[in-house]
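Chains as they are written, first to last, in my numbering: chain R, 803 to 1113; chain Z, 803 to 1113. In this text, a Cβ means the ideal position worked out from N, Cα and C, and glycines have one as well.
Protein chains: 2
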Amino acid sequence: MTGQHILISEVGPRDGLQSIKSIMPLAAKKAWIEAEAAAGVTEIEVGSFVPAKLLPQLANTAEVVRHARTIPGLTVAVLVPNLKGAEAAVAAGAHKITIPLSASETHSLKNVRRTHAEMLDEVRGIVALLRGLPVAERPKFEGGLSTAFGCTIEGVVPADKVVALAAALMHAGCDEVGLSDTTGYANPAQVKDLVRRVRAAVGEHALSGLHLHNTRGLGLANVLAGLEVGISTFDSSLAGLGGCPFAPGASGNIVTEDLVFMLEAMGLQTGIKLEKLLAVRRILRDALRGEELYGFTPDAGLPLGFIQESA
Amino acid sequence: MTGQHILISEVGPRDGLQSIKSIMPLAAKKAWIEAEAAAGVTEIEVGSFVPAKLLPQLANTAEVVRHARTIPGLTVAVLVPNLKGAEAAVAAGAHKITIPLSASETHSLKNVRRTHAEMLDEVRGIVALLRGLPVAERPKFEGGLSTAFGCTIEGVVPADKVVALAAALMHAGCDEVGLSDTTGYANPAQVKDLVRRVRAAVGEHALSGLHLHNTRGLGLANVLAGLEVGISTFDSSLAGLGGCPFAPGASGNIVTEDLVFMLEAMGLQTGIKLEKLLAVRRILRDALRGEELYGFTPDAGLPLGFIQESA
């Protein structure tokens, strides 16, 4: 694996901010995104196009997208719950759009008030919208299978259901699918098994990314399992901000700082400079007073004699 | 791997208690050890035979050993820094004795004021002592290579040095060697590499155990790496108590609760009942007021629908 490039997709400005009460000022969001890009992060999910009354923390997503697009080399990703959100994302100029489809239908109804069939209708609507755009302006479109490893409401989510939904998303016209451990239920054996099964159904290149949580402390072990079956994109959140507000007790994104430390220590290439990344926490500390920031590596510091080969 | 038995060696009563200021009353130590054994833990490092003035927390180790020996099926392990400690361990009736040998000589001098050569002399002295005992009464003798993955004083510890010291320990008469990430510097690639190298030098069965820390959040990922190269014994500490008091910033044993959750969720067999194990934390909370208890699974709870196959 040594030397392989791994893409870290920072989701803090979306998944992190949607899960906390504080509302981060627009200027701080811009500073955060700029600072992470300057540290070498090349993909950031900067917000979500949801009604402002549901998530006031993300009300200025269009403005954030427009600003983020001015940063050279940065892939600007957003989450959209439906066609209307996708229209707003396209208007703002997002490079990548992800629609979450919860493998647990109960969770889907609670989260976006839609059944699987209704969500797949939205997906087809978005595909039609995107195919109407000139190729050069067409954002990449991912179907993100949330609660793929288990649900806090339904409990066990059968792997067959996840595989079938992944196939349905690709059939509906998504460019790729991702698997999300929204609830922090995943274990390394399950990660390997589910990745293999989904890839067998949709093809190796249709599944590149995992969104893992650290709810039960297994986040980085699950990343390692993903790496070992060829996953090359991982979502994470600076300072571990976030989780799903509609999956009770499911807080805890994996911490970008710890993830980058692990990958770089293993000799993989993230392109991210750790010292610079660690310094970005100051922006969160200043803009989100009272919110808890997580991470082991930030507390412990880098090992004595640790040299980052890619930096 | 599914179905394989993994041995969890609980080190909290030694590594945990030596690293905190509070002194746990003898009755609480006994209750802790009894409760973990009742939850299915079959090996516990119950203390260390060091001068009481250095570690008053462990002054009653002989009494703890004698009590722990009355628990059916429990392997009673202790740490000893030298021959004198080993004599006390034998007198008390320990089943397993581990002597730490720091791969970093600077750390060795700071921790036990002895060079590598002096430590190997102690090892030979202990081997002579043990060989003088009737076979049935002879405790198992392990050489534990601390700072094997890096040192907070020396920085990088060359793998060759660790391999040479492992061979020296076996040559001096140890029954087996273990590798300790005393400083929380290890990463999964390094764990696999070092385990393979040490085994190539001393034989597969001479290295069975890893003692890993979670200082930078990689503890369970490192366990997974160990599992994948055939390691079947892992040290951990209930509530993540502990670390090495002489390696600054190196706190953070891996949390027994999270480790058992990961292994059981993966379908491996620890023989430990999670619900019972989680309940043992109450003993620590009551006896160590003011000390921080760690662990993600205890906070998040077990996943809905989680069934422990081995319990």
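Q) Mind pulling the chain R residues with CB within less than 8 Å of Asn913/Z? A) As a working mapping, residue 913/Z is identified with position 111 in the second sequence. The premise fails here: Asn913/Z is roughly 16 Å from chain R at the closest Cβ pair, so nothing lies under 8 Å.
Q. Three-state secondary structure (DSSP) at Gly957/R?
A. One-based indexing of the first sequence puts residue 957/R at position 155. Three-state DSSP puts Gly957/R in a strand.
Q: Please decide whether Gly1069/R counts as near chain Z, where near means a Cβ-Cβ distance under 8 Å.
A: Counting from 1 along the first sequence, the entry for residue 1069/R is found at position 267. The beta carbon of Gly1069/R sits closer than 8 Å to some beta carbon of chain Z.
**Q.** Cβ-based contacts, 8 Å cut-off: residues of the segment 1072-1106 of chain Z near chain R
**A.** So the close ones are Gly1097, Phe1098, Thr1099, Ala1102, Gly1103, Pro1105, Leu1106.
Q.
Tell me the rounded alpha-carbon separation between Gly814/Z and Leu1043/Z.
A. As a working mapping, residue 814/Z is identified with position 12 in the second sequence. As a working mapping, residue 1043/Z is identified with position 241 in the second sequence. The alpha-carbon atoms of Gly814/Z and Leu1043/Z are separated by roughly 6 Å.
Q) Does DSSP put Ala829/Z in a helix, in a strand, or in coil? A) Translated into positions along the second sequence, residue 829/Z becomes position 27. Reduced to three states, the DSSP call for Ala829/Z is helix.
(Q) Can you check which of these residues, Leu967/R, Lys994/R, Gly895/R, Ile1056/R, is closest to Ser948/R by C-alpha distance? (A) In the first sequence, residue 948/R corresponds to position 146, counting from 1. When each option's Cα is compared against that of Ser948/R, the closest is Leu967/R.
Q | 8 Å contact criterion, which Ala880/R and Ser910/R should meet: CB distance rounded | A | Residue numbering aside, residue 880/R sits at position 78 when the first sequence is read from its first letter. Residue numbering aside, residue 910/R sits at position 108 when the first sequence is read from its first letter. Position check: residue 880/R holds Val in this sequence, whereas Ala was assumed. The pair is not a contact, with the Cβ atoms about 19 Å apart (cut-off 8 Å).
Q. If we cut at 8 Å on Cβ distances, does Leu1012/R have a partner in chain Z?
A. Residue mapping note: residue 1012/R aligns to position 210 of the first sequence, counting from 1. No, no contact with chain Z.
Q) If you count every other CB in all the chains shown that lies within 10 Å of the CB of Lys831/Z, and 16 or more means buried, which is it? A) Stepping through the second sequence from its first residue, residue 831/Z is reached at position 29. So Lys831/Z ends up on the buried side.
Q. Should Gly1028/Z be labelled buried (16 or more other beta-carbon atoms within 10 Å of its own) or exposed?
A. As a first step, residue 1028/Z must be located in the second sequence, where it is residue number 226. The Cβ neighbour count for Gly1028/Z, taken over all protein chains shown within 10 Å, is at least 16; the residue is labelled buried.
Q: Please say whether Leu1079/R and Ala1066/R have beta carbons closer to each other than 8 Å?
A: Working through the first sequence from its first residue, we reach residue 1066/R at position 264. Working through the first sequence from its first residue, we reach residue 1079/R at position 277. The displayed chain sequence assigns Glu, not Ala, to residue 1066/R. The answer is no: Cβ separation not under 8 Å.
Q: Select from the segment 1023-1037 of chain Z all residues with a C-beta closer than 9 Å to any C-beta belonging to chain A, and list them in chain order.
A: The displayed structure is made up of protein chains R and Z, and chain A is not among them.
Q: List the residues of chain R whose Cβ lies closer than 7 Å to the Cβ of Val1057/Z, in chain order.
A: As a working note, residue 1057/Z is residue 255 in the second sequence. Correct list: Gly1019.
Q. If you measure beta-carbon to beta-carbon, which residues of the segment 934-961 of chain R are closer than 7 Å to chain Z?
A. Hits within the stretch, in order: Gly952, Thr954, Gly957, Val958.
Q. Near Leu857/R, what residues of its chain come up, given a Cβ to Cβ distance below 6 Å and the 5 sequence neighbours on each side ignored?
A. Locating residue 857/R in the first sequence gives position 55, where the first residue counts as 1. Take Leu857/R, set aside five residues on each side of it, and the residues of its chain with a beta-carbon closer than 6 Å to its own are Gln820, in chain order.
**Q.** Nearest-angstrom Cα separation, counted from Leu1009/Z out to Glu978/Z
**A.** As a position in the second sequence, residue 978/Z is number 176, starting the count at 1. As a position in the second sequence, residue 1009/Z is number 207, starting the count at 1. Spanning the two alpha carbons is a distance of roughly 6 Å.
Q) Can the beta-carbon of Ala839/Z be found less than 8 Å from the beta-carbon of Leu876/Z? A) The count along the second sequence starts at 1 and reaches residue 839/Z at position 37. The count along the second sequence starts at 1 and reaches residue 876/Z at position 74. It is a contact, given that the beta carbons lie within the stated cut-off.
Q: Look up Ala879/Z in the DSSP assignment and say whether it is helix, strand or coil.
A: As a working note, residue 879/Z is residue 77 in the second sequence. Judged by DSSP in its simplified three-state form, Ala879/Z adopts strand.
Q: Locate the alpha helix (DSSP H) running through Leu1095/Z, then write down its first and last residues.
A: Residue 1095/Z sits at position 293 when you count from the first residue of the second sequence. Run containing Leu1095/Z: none; DSSP gives neither H nor E here.
Q. Which residue from Lys855/Z, Ala841/Z, Ala1003/Z puts its Cα closest to that of Asp962/Z?
A. The residue labelled residue 962/Z in the question sits at position 160 within the second sequence. Of Lys855/Z, Ala841/Z, Ala1003/Z, the smallest CA-CA separation from Asp962/Z is found for Ala1003/Z.
Q.
For Val848/R and Gly1097/R, what's the separation of their Cα atoms in angstroms?
A. Locating residue 848/R in the first sequence gives position 46, counting from the first residue. Locating residue 1097/R in the first sequence gives position 295, counting from the first residue. So the alpha carbons of these two residues sit roughly 21 Å apart.
Q: Can you tell me which of the three DSSP states Gly797/R falls into?
A: Outside the modelled stretch of chain R, which goes from 803 to 1113, sits residue 797/R, for which no answer is possible.
Q | Beta carbon of Asn1024/Z nearer than 8 Å to that of Val993/Z | A | On the second sequence, residue 1024/Z is found 222 positions in, with the first residue counted as 1. On the second sequence, residue 993/Z is found 191 positions in, with the first residue counted as 1. Cβ distance < 8 Å, so Asn1024/Z and Val993/Z count as in contact.
Q. Bridge partners of Ile899/Z, per DSSP?
A. As a first step, residue 899/Z must be located in the second sequence, where it is residue number 97. Partner residues in the beta bridge of Ile899/Z, as assigned by DSSP, are Val880/Z, Phe943/Z.
Q. Mind checking whether Ala1041/Z and Val1062/Z have CB atoms under 8 Å apart?
A. Stepping through the second sequence from its first residue, residue 1041/Z is reached at position 239. Stepping through the second sequence from its first residue, residue 1062/Z is reached at position 260. Result no, Cβ atoms of Ala1041/Z and Val1062/Z do not sit closer than 8 Å.
(Q) Going by DSSP in three states, Val843/R sits in which element: helix, strand or coil? (A) As a first step, residue 843/R must be located in the first sequence, where it is residue number 41. Reduced to three states, the DSSP call for Val843/R is coil.
Q. Which same chain residues, not among the five before or five after Lys944/R, have their C-beta less than 8 Å away from its C-beta?
A. The residue given as residue 944/R occupies position 142 in the first sequence. Looking at the sequence itself, residue 944/R is Glu, so the reference to Lys does not match. If we look at Glu944/R and ignore the five residues flanking it on each side, its Cβ neighbours are Lys898, Ile899, Thr900, Ile901, Cys976, Asp977, Glu978, Val979, Gly980, Gly1011.
Q. If the cut is a Cβ gap below 9 Å, which residues of chain R does Gly1044/Z touch?
A. Counting from 1 along the second sequence, the entry for residue 1044/Z is found at position 242. Within 9 Å Cβ-Cβ: nothing; Gly1044/Z doesn't reach chain R, min ~15 Å.
Q: Evaluate Arg915/Z with the Cβ neighbour count: other Cβ atoms within 10 Å of its Cβ, from every protein chain shown; 16 or more gives buried, anything less gives exposed.
A: As a working note, residue 915/Z is residue 113 in the second sequence. Around the Cβ of Arg915/Z, a 10 Å sphere holds fewer than 16 other Cβ atoms; the residue is exposed.
Q: Could you spell out the range, first to last residue, of the alpha helix (DSSP H) harbouring Phe1063/Z?
A: Taking the first residue of the second sequence as position 1, residue 1063/Z is located at position 261. For Phe1063/Z, the uninterrupted alpha helix (DSSP H) segment begins and ends at 1058-1067.
Q: Anything in the segment 980-993 of chain R with a Cβ closer than 9 Å to a Cβ of chain Z? List those residues in chain order, please.
A: Interface annotation for the segment 980-993 of chain R against chain Z: Thr985, Gly986, Tyr987, Ala988, Asn989, Pro990, Ala991, Gln992, criterion Cβ-Cβ distance under 9 Å.
Q: List the DSSP bridge partners of Ile810/R.
A: In the first sequence, residue 810/R corresponds to position 8, counting from 1. Answer by DSSP bridge pairing, in chain order: Phe1036/R.
Q) Per DSSP, Ser948/Z forms a beta bridge with which residues? A) Residue numbering aside, residue 948/Z sits at position 146 when the second sequence is read from its first letter. Ser904/Z, per the DSSP bridge assignment.
Q | Nearest candidate by alpha-carbon position, reference Val867/R, set Ile846/R, Val937/R, Ala854/R, Lys855/R | A | Taking the first residue of the first sequence as 1, we reach residue 867/R at position 65. It is Ile846/R whose Cα lies nearest to the Cα of Val867/R.
(Q) Can you give me the C-alpha to C-alpha distance between Arg926/R and Ala854/R, rounded to a whole angstrom? (A) By one-based count along the first sequence, residue 926/R stands at place 124. By one-based count along the first sequence, residue 854/R stands at place 52. If you take the alpha carbons of Arg926/R and Ala854/R, they lie about 25 Å apart.
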